[in-house]
Amino acid sequence: MRKKIVAGNWKMNKTFLEAEELVAQVAEALEKRKLDNKAVVLCPPFPYLELTTDIAKESKFQVGAQNVYPEDNGAYTGEVSPPMLESMEVEYCIIGHSERRKYFAENHDFLARKLDALLKHNIIPIFCCGEVLSERKAKKHFKVVETQLNESLFHLKKDEVSNVVIAYEPVWAIGTGVNATAEEAQEMHAFIRGLVAKKYSKKLSEEISILYGGSCNAKNAKELFSNPDVDGGLIGGASLKSEDFLAIVDAL
Ligand code: 13P
């Protein structure tokens, strides 16, 4: 079912004590809120997953990882597998983030493998896509996003893709303070939903959640989320302070 989601991607931030404090603050604040069909997801760095899933058991948020390796186990020093995440009750995992595409050279095929591996272990992938500034300037942004979906996502079967969350994150908006306008976000989200409809079915396209990410904050969240095809946000910088993150949750 199509869900409204606000997910916080902490990236490589926070010490253990800071992480503990932030999770506790979010948990306490959510106690007083009615979330109905909204999901709030915290995606801390790997070392803080256990503390986060422990608190999540008694709270209203869910937990996501920021990365995964697409094998169940083996000699992959430094990596974390889907069964490990599943065994810790991690429910979501971000993949395809532009930072991993850029700094870790993750390509379409590798992301397709990650998607398959996560779905096999009942973890909901948050699949990120989005263009860089030069691609938008050259008016290639639709083509770029279409290729990312075609090459990594659209090999999935209908009943698999219905368990995926898509996040549109224009790279030029990430960490820059320059968000996509509500119109730009809506236009791309409608385009993505249209691609899902064409590949699978209109019904399925209406059931899939598409999040916006890129300088989404307490001030602009309401306007971005008011668009019919924007089902919430994947939040970076503004997820690191509980007041800001909760204001975004309230804007949903
Ligand atoms: P910012 O919200 O810091 O722009 O980051 C967005 C992002 O990359 C979330 O995954």
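Remember, my numbering sits 6 above the position in the sequence shown when you count from 1.
Glycine included, C-beta positions come from ideal geometry on N, C-alpha and C.
I think residue i touches residue j, with their Cβ atoms under 8 Å apart; what is that distance to the nearest whole Å?
i, j, result
"Gly-183", "Leu-217", "That pair is no contact at about 19 Å."
"Pro-88", "Ile-129", "6 Å"
"Ser-215", "Ile-11", "6 Å"
"Leu-121", "Leu-162", "7 Å"
"Leu-201", "Gly-219", "With a Cβ gap of about 18 Å, Leu-201 and Gly-219 do not count as contacting."
"Val-171", "Ile-132", "5 Å"
Considering Cα atoms alone, identify which of the options is closest to residue i.
i, options, result
"Arg-199", "Ala-191, Glu-112, Glu-190, Glu-212", "Glu-212"
"Val-96", "Gln-72, Val-138, Gly-102, His-161", "Gln-72"
"Met-222", "Trp-178, Ile-100, Phe-52, Gln-31", "Before going further, note that residue 222 is Cys rather than Met in the sequence given. Nearest option by C-alpha distance: Trp-178."
"Glu-157", "Ala-196, Glu-112, Glu-141", "Glu-112"
"Gly-243", "Lys-10, Ala-257, Lys-20", "Lys-20"
"Gly-68", "Gly-84, Ser-207, Asn-15", "Note on identity: in this sequence residue 68 is Gln, with Gly being the wrong assignment. Selected option, being the one with the closest Cα: Asn-15."
"Glu-26", "Glu-37, Leu-55, Ala-45", "Leu-55"
"Val-46", "Glu-189, Ala-13, Lys-40, Cys-99", "Ala-13"
"Ala-224", "Tyr-206, Ser-207, Asp-256", "Asp-256"
For residue i, is the classification buried or exposed, using 16 other Cβ atoms within 10 angstroms of its Cβ as the cut-off for buried?
i, result
"Met-18", "exposed"
"Asp-235", "buried"
"Thr-58", "buried"
"Lys-204", "exposed"
"Ala-118", "buried"
"Leu-48", "buried"
"Leu-124", "buried"
"Tyr-174", "buried"
Please report whether the beta-carbon of residue i lies at a distance below 8 Å from any beta-carbon of chain B.
i, result
"Thr-21", "Of the chains in the structure shown, none is chain B; there is only one protein chain."
(Q) Runs of 3 residues minimum, wholly inside the region 183-231: which ones carry the beta strand (DSSP E) assignment? (A) 216-218
- Query: Do the region 166-178 and the region 243-251 touch if we need at least three Cβ pairs shorter than 8 Å?
  - Reply: no
Residue ranges of each beta strand (DSSP E) within the region 101-143, 3 or longer: 130-135
| query | With a cut-off of 8 Å, do at least 3 Cβ pairs link the region 142-155 to the region 25-35? | reply | no
For the region 143-184, list the alpha helix (DSSP H) runs that are entirely contained and at least 4 residues long, ordered along the chain. 147-158, 164-167
### Message
Which complete beta strand (DSSP E) runs does the region 32-61 hold, if anything under 3 residues is left out?
### Response
44-49
Are at least three pairs of beta-carbons, each pair with one atom in the region 104-111 and one in the region 184-194, less than 8 Å apart? Counting C-beta pairs closer than 8 Å gives fewer than three between the region 104-111 and the region 184-194, which falls short of the contact rule.
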